[in-house]
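Numbering (our numbering), first residue to last: 1 to 411.
Right, one structure below, let's go through it.
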Ligand SMILES: [Zn+2]
């Protein structure tokens, strides 16, 4: 490394590290969304990146303590800069930035950390040529205290680990997790899992790390109960047969879908990204849960999310689910493509598309709002035996407050 490069790197080391931390924060707080929207490659990239953060964090702290002695750390910066370049390439088409902006738009007040995160992504997308972007990033940095850098890094790493990414967890993160673990006196994987459905990681604690889950006013799922308003929405579904791709993300079994399957709501087209299951159903109808529910997640060109819910009541064997359960992924966190198995998601749907509709949120952290739900009135059957074969005993968020929302009925 040339002297000049070293000097330049040293000058920008802090900035680079701040960007990396910002990106990690975004990753941690939008991880569920990235998984939802099939941007798993990004999760993987950020996963690799966080491994560098151990050194980065220490270097940053040393720089605060002993500004002049930072020279020895300049060497680390080369790697961080390369990582940053790789990340930049992943962000360069601007799709992620667009998604983030849409996601955060609904929230009037962003936390300073989120603003740094957004500014980081903007910087990575638009590049350092744009002076306005740089100024905005620096402003966001000034506003944020970043006192809890370690917390941010740990949150990112734990979230990535929970999503099945191989992440070397920082020793400091392990320490604090072990402390919690000793508290809980449980020797299972709990310390790697950032959120779950029971105990200290359960839904009532999601808000600690994902604020919208705690304070959002349009959260899902709901207890569906009348009186209903009449909906004029017209749904039409055009799902195509394609190769079966199964994914266990640690929270559910998800079936990833090739491009080409669509849902049309009135005249707007939404692509089917994936569908997944909850046991029992997250939604209630007149206060009652079904044995399970399948959620079909769709996204429009401008990033709006729409979910079709198919309630599964205990009854006859479900032929489509028989195919799916016969091909459950052997490993968590790795997409599984059984050879020569094709599947049509349409085989999961009833013929009649009558629905209950409401505006809600992702039912998993970060509980982002602005998601349209269409829960089909007509349930499908699933046998008791098939319910028993689903690998997750409990993965349903409890019903949330209506907060004055209207439930519409249509179709
Ligand atoms: Zn779901």
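Positions of the beta carbon are idealized from the N, C-alpha and C atoms, including for glycine.
Bear in mind that the values here come from a model prediction, so they are computed numbers and not experimental data.
Residue i versus residue j - alpha carbon distance
| i | j | result |
| --- | --- | --- |
| residue 322 | residue 116 | 46 angstroms |
| residue 337 | residue 246 | 6 angstroms |
| residue 315 | residue 132 | 60 angstroms |
| residue 231 | residue 358 | 10 angstroms |
| residue 194 | residue 205 | 10 angstroms |
| residue 356 | residue 258 | 27 angstroms |
| residue 298 | residue 274 | 8 angstroms |
| residue 208 | residue 329 | 31 angstroms |
| residue 9 | residue 120 | Confidence at residue 9 is low in this model, with a pLDDT of 47, below 50, so its placement is unreliable and the value that follows should be read with caution. Taking the straight line from one Cα to the other gives about 18 angstroms. |
| residue 313 | residue 266 | 29 angstroms |
| residue 377 | residue 295 | 14 angstroms |
| residue 189 | residue 135 | Because residue 189 carries a pLDDT of 37, less than 50, the predicted location of this residue cannot be relied on, and the following value inherits that uncertainty. One C-alpha to the other measures close to 42 angstroms. |
| residue 346 | residue 263 | 11 angstroms |
| residue 277 | residue 118 | 31 angstroms |
| residue 404 | residue 272 | 29 angstroms |
| residue 101 | residue 212 | 16 angstroms |
| residue 238 | residue 348 | 13 angstroms |
| residue 351 | residue 236 | 11 angstroms |
| residue 270 | residue 200 | 36 angstroms |
| residue 221 | residue 94 | 31 angstroms |
| residue 402 | residue 387 | 29 angstroms |
| residue 307 | residue 320 | 19 angstroms |
| residue 219 | residue 242 | 33 angstroms |
Proximity of residue i and residue j at Cβ, strictly below 7 angstroms
| i | j | result |
| --- | --- | --- |
| residue 366 | residue 228 | no |
| residue 288 | residue 261 | no |
| residue 283 | residue 375 | yes |
| residue 354 | residue 411 | yes |
| residue 253 | residue 318 | no |
| residue 392 | residue 279 | yes |
Endpoints, alpha helix (DSSP H) assigned at residue i
| i | result |
| --- | --- |
| residue 324 | 319-325 |
| residue 387 | 384-389 |
| residue 276 | Here residue 276 belongs to no alpha helix (DSSP H); instead the beta strand (DSSP E) covers 268-278. |
| residue 212 | 211-215 |
Chain-order list of residues whose beta-carbon lies under 6 angstroms from that of residue i (same chain, five-residue window excluded)
| i | result |
| --- | --- |
| residue 311 | 281, 290, 293, 379 |
| residue 225 | 286 |
| residue 325 | 389 |
| residue 305 | 299, 371 |
Boundaries (first-last residue) of the beta strand (DSSP E) holding residue i
| i | result |
| --- | --- |
| residue 298 | 292-300 |
| residue 245 | 245-248 |
| residue 254 | 253-256 |
| residue 200 | Neither: residue 200 is in no beta strand (DSSP E) and is coded neither H nor E. |
| residue 408 | 408-410 |
| residue 355 | 355-361 |
| residue 370 | 369-376 |
| residue 346 | First-last for residue 346: undefined, no H or E at that position. |
| residue 262 | 262-265 |
| residue 306 | 305-314 |
| residue 236 | 235-238 |
Residues near residue i by beta carbon distance below 7 angstroms, same chain, minus five either side
| i | result |
| --- | --- |
| residue 203 | 197, 397, 398 |
| residue 223 | 284, 287, 399 |
| residue 268 | 300 |
| residue 251 | 364, 395 |
| residue 216 | 361, 367, 369 |
| residue 98 | 303 |
| residue 409 | 228, 230, 231, 356 |
| residue 234 | 266 |
| residue 384 | 314 |
| residue 186 | Annotation note: pLDDT 39 at residue 186 (below 50); position unreliable, no value reported. |
| residue 72 | Per-residue confidence for residue 72 stands at a pLDDT of 45, beneath the threshold of 50, marking its modelled position as unreliable; the derived number appears in the next sentence. Closer than 7 angstroms at the Cβ level, and outside the excluded window around residue 72, lies no residue. |
| residue 183 | Only weak support exists for where residue 183 lies, its pLDDT of 48 falling under 50; the coordinates are left without a value. |
Contact set for residue i: own chain, Cβ-Cβ below 8 angstroms, skip 5 residues either direction
| i | result |
| --- | --- |
| residue 327 | 244, 246, 336, 338, 341 |
| residue 414 | An answer regarding residue 414 cannot be provided, because it is not within the stretch 1 to 411 covered by the chain. |
| residue 214 | 206, 207, 208 |
| residue 255 | 244, 245, 246, 247, 274, 275, 276, 324, 343, 345 |
Proximity test, residue i beta-carbon vs ligand 3 heavy atom, cut-off 6 angstroms
| i | result |
| --- | --- |
| residue 298 | No copy of ligand 3 appears in this structure; the ligands present are ligand 1. |
Ligand 1 site residues, beta-carbon cut 6 angstroms against heavy atoms = 276, 278, 295, 363
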